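Novice: Residue numbers (the UniProt record's numbering), protein chains in the order written: chain A, 1 to 344; chain B, 1 to 344.
We put the CB at the ideal spot given by N, CA and C, even for glycine.
For clarity, every value in this text was computed on a predicted model and none was experimentally measured.
There are 2 protein chains.
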Amino acid sequence: MTGRTQSRGGRPTMKDVAAHVGTSIKSVSRVLNGEPGVSADTTERILRAMADLGFRRNDLARGLRQSDRTGTVGLVLPQAATRYHDSLVRGLEEVARRHGSLVLTASSGTAAQERETLVSLCSRRVDGLVVVPAGTDHGFLQPEQAAGVPIVFVDRPPHGIDADLVLTDDAGGARRATSHLLEQGHRSIGVIGADAGIHTVAERLRGHREGLTEAGLAQRRNLLRPGCETAAQAAAACLSLFASPDPPTALFTLNNQCTIGAVRALHTLRRARSTALVGFDDFETADLLDPPVTVVAHDVGEIGRRAAALVFGRLEGTITGRSGSHVLPTSLTERGSGGIPPQR
Amino acid sequence: MTGRTQSRGGRPTMKDVAAHVGTSIKSVSRVLNGEPGVSADTTERILRAMADLGFRRNDLARGLRQSDRTGTVGLVLPQAATRYHDSLVRGLEEVARRHGSLVLTASSGTAAQERETLVSLCSRRVDGLVVVPAGTDHGFLQPEQAAGVPIVFVDRPPHGIDADLVLTDDAGGARRATSHLLEQGHRSIGVIGADAGIHTVAERLRGHREGLTEAGLAQRRNLLRPGCETAAQAAAACLSLFASPDPPTALFTLNNQCTIGAVRALHTLRRARSTALVGFDDFETADLLDPPVTVVAHDVGEIGRRAAALVFGRLEGTITGRSGSHVLPTSLTERGSGGIPPQR
DNA sequence: ATGAAAGCGCTAACAA
DNA sequence: TTGTTAGCGCTTTCAT
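#1: By the criterion of Cβ-Cβ separation under 8 Å, what are the contact partners of Ile151 of chain B in chain A?
#2: From the DSSP output, in three-state form, read off Arg8 of chain B for me.
#3: Would you mind working out which of B:Ser101, B:Thr42, B:Ala19 and B:Asp169 sits nearest Ser325 of chain B, comparing C-alpha positions?
#4: Rounded to a whole number of angstroms, what is the C-alpha to C-alpha distance between Val293 of chain A and Val300 of chain B?
#5: Using the Cβ count rule (16 or more neighbours within 10 Å means buried), how would you classify Ser24 of chain B?
#6: Please return the same chain residues whose Cβ sits closer than 7 Å to the Cβ of Arg344 of chain A, not counting the five positions on each side in sequence.
#7: Taking all protein chains shown into account, decide if Gly34 of chain A is buried (16 or more other Cβ within 10 angstroms of its Cβ) or exposed.
#8: Would you say Gln113 of chain A reaches chain B, if we count a Cβ-Cβ gap shorter than 9 Å as a contact?
#9: Determine which residues of the region 262–275 of chain B have a Cβ less than 8 Å from any Cβ of chain A, and write them out in chain order.
#10: Verify the CB distance criterion: does Asn58 of chain A have a CB-CB separation below 9 Å to chain B?
#11: Measure from the alpha carbon of Ala286 of chain B to the alpha carbon of each residue in A:Val31, A:His208, A:Val263 and A:Arg273, then state which is nearest.
#12: Listed in chain order, which residues of the region 133–164 of chain A have Cβ atoms closer than 8 Å to some Cβ of chain B?
#13: Evaluate the contact criterion for the region 177–195 of chain A versus the region 215–229 of chain A: three or more CB pairs, one atom per stretch, below 8 Å.
#14: Could you spell out where the alpha helix (DSSP H) holding Val201 of chain A opens and where it closes?
#15: Hey, could you find the ends of the beta strand (DSSP E) Thr294 of chain A is sitting in?
#16: Give the interface partners of Arg125 of chain B over in chain A, defined as CB-CB distance under 7 Å, in chain order.
#17: If I follow the unbroken beta strand (DSSP E) through Ser107 of chain A, where does it start and stop?
#18: The alpha helix (DSSP H) that contains Leu64 of chain A, what's its start and end?
#19: Going along the chain, which residues of its own chain have a beta-carbon closer than 8 Å to the beta-carbon of Ile260 of chain A, five neighbours each way excluded?
#20: Runs of 3 residues minimum, wholly inside the UniProt region "Disordered" (323–344) of chain B: which ones carry the beta strand (DSSP E) assignment?
#21: Buried or exposed: which applies to Ala51 of chain A, given that a residue is buried once 16 or more other Cβ atoms fall within 10 Å of its Cβ?
#22: List the residues of chain A that residue 357 of chain B touches, going by C-beta distances under 7 Å, in chain order.
#23: Check each candidate in B:Leu77, B:Arg125 and B:Val95 and name the one with the smallest Cα separation from Glu114 of chain B.
#24: Take every Cβ of the region 93–104 of chain A, pair it with every Cβ of the region 42–51 of chain A, and state whether three or more of those distances are shorter than 8 Å.
#25: Against chain B, which members of the region 95–114 of chain A pass a CB distance test of less than 7 Å?
#26: Using a Cβ cut-off of 7 Å, pull out every chain A residue sitting near Gln79 of chain B, in sequence order please.
#27: Within the chosen definition, does the region 274–283 of chain B reach the region 263–281 of chain A through at least 3 CB pairs nearer than 8 Å?
#28: Measure from the C-beta of Asp16 of chain A to each C-beta in chain B and report whether the shortest distance is under 9 Å.
#29: Assuming Pro158 of chain A and Val311 of chain A form a contact by the criterion Cβ under 8 Å, report the distance between their Cβ atoms to the nearest whole angstrom.
#30: For the structure I just gave you, are there three or more beta carbon pairs, one from the region 87–95 of chain B and one from the region 304–319 of chain B, closer than 8 Å?
#31: Would you mind telling me which residues of chain A sit closer than 9 Å to Glu117 of chain B, beta carbon to beta carbon, in chain order?
#32: Rounded C-beta distance between Thr42 of chain A and Ser27 of chain A? I'm assuming under 8 Å.
#33: Nearest chain B C-beta to Leu53 of chain A closer than 9 Å, yes or no?
#34: Per DSSP, what are the beta-bridge partners of Phe280 of chain A in this structure?
#35: Judging by CA-CA distance, which residue of A:Ala80, A:Val103 and A:Val31 is the nearest neighbour of Ser108 of chain B?
#36: Can you list the residues of chain B that Leu289 of chain A reaches, using a CB-CB cut of under 9 Å?
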């Protein structure tokens with residue numbers, strides 16, 4: 001007689017614990033949830049049995065019964081952006097932890113993978129969802145929203161669903177970057193960025209155009225290099241810009257991968273010191289490059305905290321009513337590369 | 001009459017779908033799981049009802065019944081290391097996706113948070129677990145392991161439990177880095193790293209000592225700067241090394257945060273071009289710094305794939321028997337900073 | 001202070 | 001082809 005009642009290979013259940021102690025399953029439940037009505041002696045023996053058996057409550061079953069909360073929030077990120085989202089994860093976790101919730105991060109990638117991931121998380125009954133959209137339609141999330149799962153989109157607006165939104169002032173930041181370059185006297189600014197179909201990219205391009213217009217200039221198509229998804233593609237785009245008969249005297253790169261690619265190309269061309277550069281998004285070694293890179297920075301951790309605040313606000317009823325958008329500001333961090341004057 | 005049977009605020013269940021169609025819940029289940037034995041007509045109507053109602057199967061309940069698999073693998077990372085673990089996540093996900101599993105990433109931080117996170121994931125019945133340990137004791141995971149949850153530790157060995165392990169050849173890489181510097185004629189190598197209590201750090205220090213010993217040198221205490229957890233601390237440590245009466249002619253930094261901090265300090269001291277430097281861990285802009293930074297690199301994606309292979313191998317019974325360790329190789333990526341000769 | 005019974009949403013086993 | 005019953009591990013009544 002070992003006293004072990006648990007089934008083969010499986011894990012001990014409350015029933016096993018109860019049997020082990022010789023009490024009812026309800027007493028075990030009471031101890032587990034800190035409810036009153038169990039004698040000190042019984043409590044003690046139950047706790048001991050749980051430790052001996054290596055009991056761990058099955059939260060799936062628990063959640064099944066008290067069908068309100070699972071204590072988890074899902075975060076879905078497109079693979080591409082992972083690096084940049086470190087701080088976002090941290091910001092979100094910081095708030096979630098205070099609310100006793102666990103953040104489960106999963107990645108999307110393609111639109112299909114995103115949908116699969118989101119549905120999986122919903123099937124696992126996360127209490128809330130924070131999504132950096134990868135796909136183009138999110139209408140399939142309507143049932144969850146209707147069932148009371150708060151969904152917050154970050155970075156770009158969703159389609160097919162009306163939900164809370166945390167954005168960055170992409171256009172404003174881009175306008176600022178552009179003006180900065182124009183102030184140094186540049187009249188020919190090359191732009192390197194990802195696919196213009198992406199909301200952030202479109203907004204940054206729009207801001208850039210606004211900056212040009214303000215100075216009485218027009219956007220020139222041959223200075224535009226969209227569609228760069230990797231640093232390598234950005235580097236190639238940069239080389240092609242300078243291979244043209246009328247190369248730019250300055251560059252504006254629309255995310256940090258593009259910035260890094262451009263710097264790499266400029267080094268190859270030995271033009272790093274003579275070409276002005278402003279990049280959108282800060283990155284860790286921006287101050288160590290030669291010359292140090294001026295960037296449009298934004299507080300990604302704050303985005304995470306705001307998204308979390310929205311999720312838990314809705315969950316706890318502090319926030320009610322229609323969904324809204326929150327736009328967070330950017331700032332220009334001048335480090336040198338943006339201050340280089342035009343050279344012929 | 002709207003035809004809606006679902007309970008207030010809750011989500012539609014299979015029962016609701018069945019009622020809506022006027023069939024039994026079992027037929028709904030059959031359609032959902034692609035089992036045969038449902039007429040085309042009924043199938044059609046059930047599918048329509050599911051779409052109309054926005055039905056989503058409750059995987060918690062499903063998992064409760066067929067208590068074998070939940071289709072999820074937990075990944076727990078210490079916050080500090082997030083950046084470096086991008087590729088790890090990707091490697092793991094790549095394999096998991098092929099096995100139809102979703103990777104849920106959560107972060108640890110302190111030992112207490114790590115335990116909480118791990119227990120939470122276990123309570124949610126993940127099928128397997130990949131852990132980059134933060135705490136010092138993992139004996140509390142024994143019940144899960146006994147219940148058949150494969151657990152793989154990455155980067156450093158666990159204590160209090162015997163589990164599969166995927167490591168990097170830290171000592172070998174460090175020895176190689178050290179030899180490289182010695183070959184340039186350096187006899188005084190400053191070492192900047194994180195807390196020596198961390199396994200990887202200890203191993204890298206050991207490898208460094210071996211390299212020195214091989215050349216007939218001894219480790220000098222005053223050249224050692226452990227305990228640097230951030231780039232800023234590493235920078236300060238670097239400054240202190242060069243403020244000593246007998247400064248080193250070369251540096252060996254034990255992770256990329258330390259490398260970045262050291263480069264920053266060397267720039268401040270205008271010593272970047274005259275001090276040899278080899279860093280452990282590669283990082284994105286290493287080739288863009290001045291001079292380009294020589295590093296000990298390793299394939300982090302491969303670590304993720306190996307860990308995943310172990311988890312699914314155990315899960316599917318392809319791998320059986322006692323747990324084992326896997327040590328992955330490193331390589332020296334020479335970019336310039338390591339080739340600088342000693343200067344007086 | 002303690003327990004028995006019902007039920008959460010689903011699937012497995014067995015009818016019909 | 002379809003439905004009925006039982007039960008996964010837990011919590012929630014409601015007794016005792």
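Specialist: In short:
#1: Here the premise fails: no neighbours, minimum Cβ distance about 14 Å.
#2: In this prediction, Arg8 of chain B has a pLDDT of 38, which is less than 50 and means its spatial position is unreliable; nothing more can be read from the coordinates.
#3: B:Asp169
#4: 28 Å
#5: exposed
#6: Around Arg344 of chain A: no qualifying Cβ.
#7: exposed
#8: yes
#9: Val263, Arg264 and His267
#10: yes
#11: Comparing Cα positions, the closest option is A:Val263.
#12: Gln142, Pro143, Glu144, Ala146, Ala147 and Gly148
#13: yes
#14: His199 to Glu214
#15: Thr294 to Ala297
#16: Asn58 and Leu60
#17: Leu102 to Ser107
#18: Per DSSP, the unbroken alpha helix (DSSP H) holding Leu64 of chain A starts and ends at Asp59 to Arg65.
#19: If we look at Ile260 of chain A and ignore the five residues flanking it on each side, its Cβ neighbours are Ala231, Ala234 and Phe283.
#20: 325–328 and 331–333
#21: exposed
#22: For chain B, the structure presents residues 1 to 344; residue 357 of chain B sits outside this window and is missing.
#23: B:Leu77
#24: no
#25: Leu102, Val103, Leu104, Thr105, Ala106 and Ser107
#26: The contacting residues are Arg90.
#27: no
#28: For Asp16 of chain A, the answer is no, since every Cβ of chain B falls outside 9 Å of its Cβ.
#29: Going by Cβ atoms, the distance from Pro158 of chain A to Val311 of chain A rounds to 15 Å, so no, they are not a contact pair.
#30: Segment contact: the region 87–95 of chain B against the region 304–319 of chain B, three or more CB-CB distances shorter than 8 Å; contact assigned.
#31: A quick correction: the sequence has Thr, not Glu, at residue 117 of chain B. What Thr117 of chain B touches in chain A: Leu102.
#32: 6 Å
#33: yes
#34: Note: Phe280 of chain A sits in a beta bridge opposite A:Val296.
#35: A:Val103
#36: Residues of chain B passing the Cβ test: Thr285, Leu288, Leu289 and Asp290.
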